[in-house]
Amino acid sequence: TRFVVSEMAGRATIEVKAEELGIPMDGPAVNKVIEDLKRLEHEGYHFEAADASLEMLMRRATGWTQDQFRVETMRVVTDEASDGRFTTEAIVKVWVGDTLFENVSAGNGPVNAIDAALRASLRSSFPHIDKIHLVDYKVRILDGGSATGAITRVLIDATNGDRSWTTIGVSTNIIEASWQALEESLIYGLLHAN
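Residue numbers (my numbering): 3 to 196.
See the structure below:
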């Protein structure tokens, strides 16, 4: 059930949402969610449109940490060839348990290349990652007066065929905002696949 986060005036609304999601929350966790929501919304996050990111925020407030994988590094390189065509590659190093996976993938742009490299790094440990499909990618500039230094909000819609979800990333760096939303989308999808 979607609800308007900015209207969360009280603890009761957060507690109802936590119960709906099956997340046990005590008083300090509810307080942390309230504090985090206020801070993040001030930074440009918009949780009304990002149900999965809200759930992950609530889980983290209880002390939960995702342990499926840990990204060591992510790098994106875009080159222009002499014929004017652009090529993009992403290099991702990911720990799954005590094993380091490193993959280089090409894409039709930075986000596509990052997605391909991250999935390639995770596929052998999480074969069901191939059921997770990104269905929409939206970018919004939050402070147009800053021109190319503007804060960017990225929303990623995804599905596994059974459920759909949306995650969010916010940064002055569009690649970082995209990475935040993409990584959280895959974490959410893997969490709910188990």
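All residues carry an ideal CB built from backbone N, CA and C; glycine is no exception. Since the model is a prediction, treat every value here as computed from it, not as a measurement.
Environment of residue i [buried if 16+ CB atoms lie within 10 Å]
i, result
"E186", "buried"
"T154", "buried"
"W181", "buried"
"L192", "buried"
"L102", "exposed"
"G146", "exposed"
"K133", "exposed"
"A149", "exposed"
"A83", "exposed"
Supposed close pair residue i, residue j - CB separation, criterion 8 Å
i, j, result
"E74", "L23", "Actually they are not in contact, since the Cβ atoms of E74 and L23 sit about 30 Å apart, beyond 8 Å."
"S123", "V94", "5 Å"
"T64", "A31", "5 Å"
"R72", "V96", "7 Å"
Residue from the options whose Cα sits closest to the Cα of residue i
i, options, result
"A115", "D132, E91 and E104", "E91"
"R77", "F88, W97, I25 and E104", "E104"
"D69", "T80, H130 and D100", "D100"
"V98", "H194, I189 and G147", "I189"
"G46", "H194, L184, L157 and P30", "L157"
"S173", "I143, G147, A195 and G29", "I143"
"R61", "A195, I177 and E17", "E17"
"V79", "H48, R13, T89 and T64", "T89"
"D138", "A183, I177, G151 and A149", "A183"
"L59", "A20, H135 and A83", "A20"
"I25", "E43, I131 and W66", "W66"
"H48", "G29, E178, V141 and M27", "V141"
"V113", "A179, D28, G86 and G151", "A179"
Check: Are three or more beta carbon pairs between the region 97-109 and the region 119-130 nearer than 8 Å?
Finding: yes
| field | Stretch pair the region 45-53 + the region 167-175: three plus CB contacts closer than 8 Å | value | yes
Q: Answer yes if the region 36-43 comes into contact with the region 155-163, meaning at least three C-beta pairs across the two stretches below 8 Å, and no otherwise.
A: no
Q: Could you pull out every unbroken alpha helix (DSSP H) segment of at least 4 residues lying fully inside the region 26-79, listed in chain order?
A: 29-45 and 53-63
**Asked** In chain order, which continuous runs of the alpha helix (DSSP H) of length 4 or greater are located wholly inside the region 142-194?
**Response** 176-193
Alpha helix (DSSP H) runs wholly inside the region 92-135, at least 4 long, in chain order:
112-124
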